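Q:
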Amino acid sequence: MIKFLILILGLVFAGTPYNQKKVLVLSDNPAIYVSHSQFFNLLSKSFRVDYKNIQSNTFNLQLFGEWQYDHLILFSTTNDLKVSTQELLDFYDSGRNILLLGSTDQSKYFRKFLNSFGLDMHEYGSSVVDYFNNIKGNQNVVTTSNVNILKVDKPIAHQGAGLAMTPYETFQVYGLVRGSETAFSGPNLSHNIIYVGATQGRNNARFVATGSWEILSDEFLNNSNLGNFELAQEIILWGFGQSKILKAENLIHRRLDSDDIKPYNYRLREDCYFSIDIFEWDYQKDQWVPYVSTDNDVILEFVMLDPYYRLPLKKGDGAKYELQFKIPDVYGVFQFKINYLKPGYTFLKIAEKITVRPFRHDEYGRYLVQAFPYYFSSFGTMAGFVVFLIAFLLNK
Amino acid sequence: MSSEEETQQSLPYKVHKSTLKWAPVFNMTILLSIAIISCLIRVFSVIRYESIIHEFDPWFNYRTTQYLVKEGPYALWNWYDSESWYPLGRSVGGTVYPGLMMTSGMIYWVLHKLSIPIDIRNVCVFLAPIFSAFTSLAAYGMTKEITKRSEAGLLSALFVAIVPSYMSRSVAGSYDNEGVSIFALVFTFYTFLKTVNTGSILWGVYTALAFFYMVASWGGYAFIINIIPIFVLFLLITGRSNSRIQVAYNVFYILGTLLAMQIPFVGFQALHSSEHMASHAVFILINFLNFFSWIRNFVSKKAIITLTKFLIVFLVFSILVGVVILTLAGKTQWSGRSLTLLDPTYAKKYIPIIASVSEHQATTWSSFFFDLHYLILFSPVGLYYCYNKPTETKIFGALYTVLGVYFASVMVRLLLVLAPAVSIMAGIGISWAFRKFAKSVRSFILPKIEKPKKYRIPPEISIIGLVILGYYCSIYVLHANFAGSEAYASPSIILSSRDRQGNRNIIDDYREAYYWLRMNTRPDDKIMSWWDYGYQITGMSNRTVLVDNNTWNNTHIATVGMAMASSEEDAFEICEKLDVDYVLVIFGGILNYSGDDINKFLWMVRIGGGVYPHIKEEDYYGKGTYRVDQYATETMTNSLMYRLSYYRFDEVQTAYGQPKGYDTVRQAVIGVKGYKLRHFEEAFTSENWIVRIFKRKQRENRDGVAFTSKSTSQFTIPKEFSPVTKFSKKANTKQRSTLNFQNNE
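Chains A and B supply the protein sequences, listed in that same order.
Going by UniProt numbering, the first sequence opens with residue 1, and the numbers climb by one from there.
Going by UniProt numbering, the second sequence opens with residue 1, and the numbers climb by one from there.
#1: Could you tell me which uninterrupted beta strand (DSSP E) segments, each at least 3 residues in length, are contained entirely in the region 71-105 of chain B, listed from first to last along the chain?
#2: Residues of chain A with a CB under 8 Å from the CB of Trp294 (chain B): which are they?
#3: Use the C-beta contact count for Phe317 (chain B): other C-beta atoms within 10 angstroms, 16 or more gives buried, fewer gives exposed.
#4: Could you tell me which of B:Phe694, B:Val110, B:Ile493, B:Arg606 sits nearest to Leu517 (chain B), measuring between CA atoms?
#5: Going by other Cβ atoms of all chains shown within 10 Å of its Cβ, with 16 needed for buried, is Met165 (chain A) buried or exposed?
#6: Where does His36 (chain A) sit, in a helix, a strand or coil, going by DSSP?
#7: Find the residues of chain A that neighbour Arg63 (chain B), judging by a C-beta separation of less than 8 Å, and give them in chain order.
#8: Can you list, in chain order, the residues of its chain whose CB lies under 7 Å from that of Ile457 (chain B), leaving out five sequence neighbours each side?
#9: So, is Thr538 (chain B) buried or exposed, given that buried needs 16 or more other C-beta atoms within 10 angstroms?
#10: So, for Gly94 (chain B): in the same chain, excluding its five sequence neighbours on each side, which residues have a beta-carbon less than 7 Å away from its beta-carbon?
#11: Taking the Cβ atom as the reference point for each residue, do Ile350 (chain A) and Leu237 (chain A) lie within a distance shorter than 8 Å?
#12: Going straight from the alpha carbon of Tyr374 (chain A) to that of Thr381 (chain A), what length do you get?
#13: Return the residues of the region 75-89 of chain B that lie within a Cβ-Cβ distance of less than 7 Å from chain A, sorted by chain order.
#14: Our contact map puts Leu72 (chain A) next to Leu26 (chain A) with C-beta atoms below 8 Å; I'd like the distance itself, whole angstroms only.
#15: On the DSSP bridge assignment, give the partners of Val160 (chain B) in chain order.
#16: Distance cutoff 8 Å, beta carbons only. Does residue 794 (chain B) sit that close to anything in chain A?
#17: Determine which residues of the region 326-342 of chain A have a Cβ less than 7 Å from any Cβ of chain B, and write them out in chain order.
#18: What does the alpha-carbon distance come out to for the pair Val467 (chain B) and Ala480 (chain B)?
#19: What three-state label does DSSP hand Asn542 (chain B) in the structure shown?
#20: At what residue ranges does the region 553-633 of chain B contain a whole run of the beta strand (DSSP E), taking only runs of 3 or more?
#21: CA-CA distance, Phe47 (chain A) and Val289 (chain A)?
#22: Do Gly102 (chain A) and Thr182 (chain A) have their beta-carbon atoms positioned less than 8 Å apart in this structure?
#23: Please list the terminal residues of the continuous beta strand (DSSP E) segment that includes Met528 (chain B).
#24: Does the region 277-296 of chain A come into contact with the region 239-258 of chain A, if we say contact requires no fewer than three beta-carbon pairs (one atom in each stretch) closer than 8 Å?
#25: Given Arg511 (chain B), which residues of its chain have a CB within under 8 Å of its CB, disregarding the five upstream and five downstream residues?
#26: Alpha carbon to alpha carbon, how far is Glu573 (chain B) from His361 (chain A)? Give it in angstroms, no decimals.
#27: Any C-beta of chain B sitting closer than 8 Å to the C-beta of Asn203 (chain A)?
#28: Going by DSSP, which residues form a beta bridge with His158 (chain A)?
#29: In the DSSP output, what is Gly239 (chain B) paired with across the bridge?
#30: Since Ala152 (chain B) contacts Ile428 (chain B) with CB under 8 Å, what's their CB separation in whole angstroms?
#31: Give me, in chain order, the residues of the same chain whose beta-carbon lies closer than 6 Å to that of Phe370 (chain B); leave out the 5 immediate sequence neighbours on both sides.
#32: Check Tyr646 (chain B) in the structure and name its three-state DSSP category.
#33: Using a C-beta to C-beta distance shorter than 9 Å, which residues of chain A count as neighbours of Ser91 (chain B)?
#34: What separation, rounded to the nearest whole angstrom, lies between the Cα atoms of Lys394 (chain B) and Met261 (chain B)?
#35: Since I believe Val247 (chain B) is in contact with Gly219 (chain B) (beta carbons under 8 Å), could you give me their beta-carbon distance rounded to a whole number of angstroms?
#36: Taking the C-alpha atoms as reference points, what is the distance between Asp257 (chain A) and Tyr80 (chain B)?
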């Protein structure tokens with residue numbers, strides 16, 4: 001009977017995409033489900049989506065220490081929340097992704113929240129104005145083609161507040177969609193406006209924030225002249241960890257003339273072979289495929305305190321990146337380091353420690369040609385001494 | 001005749017006669033007892049504590065010996081140790097004096113061949129006491145070579161056996177180079193003096209071999225390679241040179257230099273280092289003079305005089321020019337430690353890392369007296385005896401003492417070299433005085449045997465003199481006993497204290513912490529601590545350290561010093577660059593343990609500042625003095641060392657009648673309370689807080705930024721941006737910040 005029940009249960013759950021990732025949408029404005037129906041349709045194609053009121057007690061991000069969702073979408077203008085900023089940050093720091101839809105009257109709560117990602121929102125009530133790139137002469141509905149990381153061909157429409165980011169761009173914070181040259185915002189005319197900003201944490205969790213929620217609204221998404229539909233797709237793909245995901249495995253280093261993988265140590269001036277496989281996640285095929293970097297930018301560093309080598313890895317068969325080089329004439333504890341921080345991609349930080357030892361006492365060359373005068377002189381002295389002794393002893 | 005026979009039959013004469021008969025037996029018995037005593041007096045440390053390796057350097061020697069026993073001598077020679085000096089590593093085989101390890105390895109192997117399964121630790125612990133017995137035997141021989149008298153030899157042997165200075169380095173567990181090399185030193189001198197006395201080439205070879213053992217075991221061999229040439233030069237100048245001296249010196253020099261080159265750590269330094277220059281010069285000089293006196297047989301007297309003048313000027317000039325050229329060209333160099341010996345202020349001025357070591361300080365009178373006690377009072381008597389009727393060997397003894405006094409005054413640790421000399425001189429002096437007194441007494445009791453002399457001390461005074469000398473000797477023995485059982489018995493990694501009832505409490509924080517590291521950290525974790533604890537951490541915790549007591553790389557030590565002296569943010573950057581996982585600090589504020597890191601901190605600042613000039617010593621002085629209370633400077637209270645040492649210290653009450661956070665060592669209430677650490681977290685604190693270990697946290701997931709203004713409209717172009725890091729309000733703005741966002745005001 002029990003077996004049968006398990007079988008039934010198994011059949012039931014086999015039918016549903018059980019291992020689909022779960023998305024929680026937190027909002028205090030039900031209107032968004034109407035105005036953004038296209039976006040949520042897109043979302044529900046690949047995720048299980050839960051819609052909750054951010055001010056209610058009906059959801060638990062965390063239950064018994066387990067995170068209940070994989071991704072989070074926030075849209076709210078209120079300060080009065082049932083969830084603390086710290087909990088949201090913990091959610092992110094645990095490796096999960098967050099999408100924040102901004103608004104011109106964004107609350108202080110979310111402004112602070114944005115700040116902890118190195119982004120900031122423009123002033124209360126301010127909105128972006130562009131007299132040159134806009135739709136139908138309406139300077140408040142601005143367009144831009146300035147898109148980084150994501151792949152959008154058509155111009156993108158935006159309406160509402162803009163974002164600013166840390167003045168010195170770190171490798172972690174990106175402006176995915178930036179305003180055009182002629183866009184400005186606020187009473188003090190700030191340029192360098194970002195419409196969609198993003199942060200990738202050191203744990204590779206992704207955070208995407210839009211300056212306004214209109215950018216993903218049906219109005220723009222339905223307009224086939226605009227790239228907002230593609231943008232929405234890309235934001236879901238990138239922001240929720242489906243595209244530009246890399247992994248590195250199968251790190252191999254060995255002496256060039258030996259098959260002994262990862263030897264205990266190397267001797268200085270030995271020839272060394274290094275290879276590593278780098279894969280990219282293909283969400284369409286649902287499998288890992290070899291990652292092909294077009295820019296020859298996978299750099300291997302051979303470091304002891306400072307890099308002794310900094311060489312691009314060569315693309316080999318399949319996913320293999322390889323290199324052979326001569327270990328420098330210095331002994332110490334070296335590290336093979338790959339610090340691949342390509343914007344938009346998963347950060348690859350790989351460090352493998354090895355010891356480079358000096359020559360053993362019997363590894364130095366013997367009977368060097370340039371030392372022959374010395375050999376000759378020492379043996380000559382010995383022979384001369386013997387001859388002298390004989391002569392001295394025999395001549396009385 | 002009959003009356004004389006009668007007197008011969010009387011008791012004092014019988015006693016005298018049988019004493020003379022049994023004298024050699026007494027002699028040997030006493031010598032044996034001295035050897036046994038010298039062993040036993042050094043075992044107090046094991047009785048009071050346990051059979052454990054002491055202090056700092058012995059831990060490295062112990063670890064190396066373990067490696068040697070496990071892997072064999074060739075492996076030791078080629079040992080590249082990647083667990084110390086991360087990430088530079090240390091090529092141990094080429095930077096170590098292997099004599100000590102080879103000795104205990106040899107003992108270990110022999111005992112195991114004899115099926116005695118002794119632990120290598122016990123071999124190491126008891127090696128120094130055993131060698132001290134040999135030292136007393138060698139001192140006996142050396143004194144006998146100097147004076148030709150066994151009673152002087154016996155007294156010297158006794159004095160050497162228990163001299164506190166030597167004991168401080170050779171108690172059981174003090175497994176250091178000095179433990180065996182003082183024996184090698186005295187033995188080399190003994191064999192050399194034997195050669196000088198006999199002129200035998202065989203003994204010359206023995207001298208070279210003894211010297212080889214000395215070179216193999218301690219850098220202090222430079223003392224021998226300098227004092228023997230000085231001695232020979234002295235004889236040459238005073239015209240006392242003869243063929244025995246030539247034989248002794250030539251055999252010693254040629255074989256000794258060749259053998260010294262066989263030690264990898266010495267190698268070609270034996271030819272071109274400045275420490276060896278004197279020996280080369282004297283070798284040239286003595287053979288040149290020999291050659292010259294041979295030529296004299298063929299040349300007229302007048303020609304000889306001009307030739308002599310010319311040649312002497314030429315020789316002295318060429319040697320001087322040679323040395324100057326070599327020094328200027330950098331072919332020969334004085335090591336920092338040698339230069340400190342020649343100019344005692346050198347290290348203080350230029351090499352803080354040498355000056356920071358307590359055993360490199362100039363010797364105080366109190367430590368002279370504590371370590372040598374009455375011997376310093378008696379050794380001038382021996383010196384007087386040596387200068388009174390000089391022979392070659394007496395001159396050597398006197399020279400050794402005089403030079404030893406100089407070196408011992410410059411550095412505390414060189415008291416050790418002086419100790420045998422002073423003991424021997426005091427032995428000679430006291431035995432001489434004894435002899436004078438005894439003769440007078442003897443002539444009183446046995447008037448027939450001792451012929452009366454004009455200047456003889458009256459017997460009453462002699463007896464008083466004997467009693468006084470005996471009293472002083474016994475005081476010395478008692479003092480040495482105290483030094484051996486109390487002062488020098490402490491292993492320093494185990495502390496002990498007495499409470500009011502007089503009970504001994506063992507404070508075992510060091511081992512507690514090192515054991516914690518061993519059991520709770522990953523095998524390849526790196527521990528950052530000040531270099532004093534490096535050997536202990538690698539030895540006891542088996543973890544990688546950045547710097548250790550082999551202070552071969554000043555820059556690396558300075559980097560650690562800089563990390564300790566920097567603010568937490570900057571220190572984090574340095575630690576991350578060096579892959580540091582844990583930071584270990586020693587803190588004595590609770591237990592009034594004054595040898596802690598806060599007290600050593602100024603040296604970290606000085607050494608760090610020597611390489612990284614942005615660290616300035618005066619930044620750490622509040623109101624002109626070094627302090628930790630509320631007047632301490634911001635740089636001081638922000639430094640990593642301060643933050644880690646006093647983390648949560650304000651929550652404990654340490655002394656009665658004082659507020660919380662009262663530091664018992666500095667006798668002040670700490671200046672900063674209730675702070676939190678951002679980049680480090682407390683991982684372990686030992687029972688009495690002596691050892692505190694902090695883990696370096698991972699870099700934060702996000703670089704959050706607090707904007708100065710809620711209005712982003714001020715953010716027009718990057719130059720006008722004035723964001724500050726969230727935490728820079730706390731941080732000292734004077735300090736170098738390597739964070740991304742700096743205060744642009």
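Every residue, glycine too, gets a C-beta built ideally from N, C-alpha and C.
The structure displayed is predicted, hence computed values, not measured ones.
A: Put simply:
#1: Listed in chain order, there is nothing to give.
#2: What Trp294 (chain B) touches in chain A: nothing, since even the nearest Cβ is about 16 Å away.
#3: Result: exposed.
#4: Of the listed residues, the one whose Cα sits closest to Leu517 (chain B) is B:Phe694.
#5: Buried: at least 16 other Cβ atoms inside 10 Å.
#6: In the three-state reduction of the DSSP assignment, His36 (chain A) falls in the coil class, being assigned neither a helical nor a strand state.
#7: Under the 8 Å cutoff, chain A gives no residues; its nearest Cβ is about 17 Å from Arg63 (chain B).
#8: Answer for Ile457 (chain B): Lys436, Phe437, Ser440, listed in chain order.
#9: Per the 10 Å Cβ criterion, buried.
#10: Correct list, in chain order: Pro264, Phe265.
#11: Contact: no.
#12: Between the alpha carbons of Tyr374 (chain A) and Thr381 (chain A) lies a distance of about 10 Å.
#13: Of all residues in the region 75-89 of chain B, the ones placed with a Cβ closer than 7 Å to any Cβ belonging to chain A are Trp77, Asn78, Tyr80, Ser82, Tyr86, Pro87, Leu88, Gly89, in chain order.
#14: About 7 Å; that satisfies the 8 Å criterion.
#15: Per DSSP, none; premise fails for Val160 (chain B).
#16: The requested residue 794 (chain B) is not part of the displayed model; chain B covers only 1 to 745.
#17: Those would be Tyr331, Gly332, Val333, in chain order.
#18: When rounded, the distance between both Cα atoms is 20 Å.
#19: Secondary structure at Asn542 (chain B): coil, using DSSP grouped into helix, strand and coil.
#20: Taking only runs of at least 3 residues, the beta strand (DSSP E) segments lying wholly in the region 553-633 of chain B are 582-586.
#21: Each residue's Cα considered, the two are about 22 Å apart.
#22: Cβ atoms of Thr182 (chain A) and Gly102 (chain A): not closer than 8 Å.
#23: Per DSSP, the unbroken beta strand (DSSP E) holding Met528 (chain B) starts and ends at 526-528.
#24: For the pair of segments examined, the region 277-296 of chain A was found to touch the region 239-258 of chain A: the number of CB pairs separated by less than 8 Å reaches three.
#25: Once the five neighbours on either side are set aside, the close Cβ partners of Arg511 (chain B) are Ile493, Ile494, Met540.
#26: In this structure, the CA atom of His361 (chain A) is about 38 Å from the CA atom of Glu573 (chain B).
#27: It does: the Cβ of Asn203 (chain A) has a partner Cβ on chain B nearer than 8 Å.
#28: In DSSP, His158 (chain A) forms a bridge with A:Val142.
#29: Under DSSP, Gly239 (chain B) forms no beta bridge with any residue.
#30: Contact flag correct, Cβ pair sits at about 5 Å.
#31: Around Phe370 (chain B): no qualifying Cβ.
#32: It is coil, neither helix nor strand.
#33: Going along chain A in sequence order, the residues near Ser91 (chain B) (Cβ under 9 Å) are Tyr331, Arg357, Pro358.
#34: One C-alpha to the other measures close to 31 Å.
#35: About 28 Å; that fails the 8 Å criterion.
#36: Computed Cα separation, rounded: 23 Å.
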